Structures are given as structure tokens and as C-alpha cells.
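To keep things clear, I will list the structure first and then write my remarks on it.
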Amino acid sequence: MYLLFSGIAGKDTTAASLSWFIYMLCKHPDVQENVVAEMKEATKSTKVKDVAEFGASLSERGYRKDAYIHAAITETLRLYPTQQFL
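Count the sequence shown with numbering that gives the first Met the number 0 and you get residues 0 to 85, in order.
Here it is as C-alpha cells:
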């Protein structure tokens, strides 16, 4: 039964992880500022007018150097794991 639910829960776990990550950013404004600065540096953008423009500026290569964002996401997953061990 557990395997059935864990197989179809991919969207729920991703949504939960993103929700906790945004919550942690709101709770820690200093971390939020550092994440935003790293995102701006990775996308080489100073002012974004819309979501489509921001999405077009993203690339996988730019994120390989983003240690702070990786650390923030990893810490969020450590504090709030998406699937509890039985």
C-alpha cells in the first residue's frame, strides 16, 4: 500500500517542498536576500518585468555555482522532509 501512495505522490511532495522553502524564506529575510542576490547573479538580470522573461533567462549551467540556494533548499528538506520514514 505504501508503494502505491509514494508512486503517485510526486506532485504533492514537490508542492510541499516548495511551500516549506517559501515559508523558510519568509521566516528568514536575511536568507531571502542572499537567495535573491544569487538568483540575480545567475540570471544576469537587474530588473525583471514578467515571469516569462525571467524564465527565459534561466539556465541549468547558471545553477551549478549556486551554493547558497542549494544549501537553503537542502536545509529546508532536512527540517521538513517530504516523506516520513515508517
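Ideal Cβ placement from N, Cα and C applies to all residues, glycine included. Note that the structure is a prediction, hence the values are computed from the model and not measured.
Check, Outcome
"Complete beta strand (DSSP E) runs within the segment 19-61 (minimum length 3 residues, chain order)", "none"
"Neighbourhood of A70 by C-beta, 8 Å cutoff - its chain only, sequence neighbours within 5 removed", "none"
"Spatially closest choice to A55 from E74, K43 and M23, by CA coordinates", "K43"
"Alpha-carbon to alpha-carbon, C25 and D11", "21 Å"
"Reduced DSSP secondary structure (H/G/I, E/B, other) of K64", "coil"
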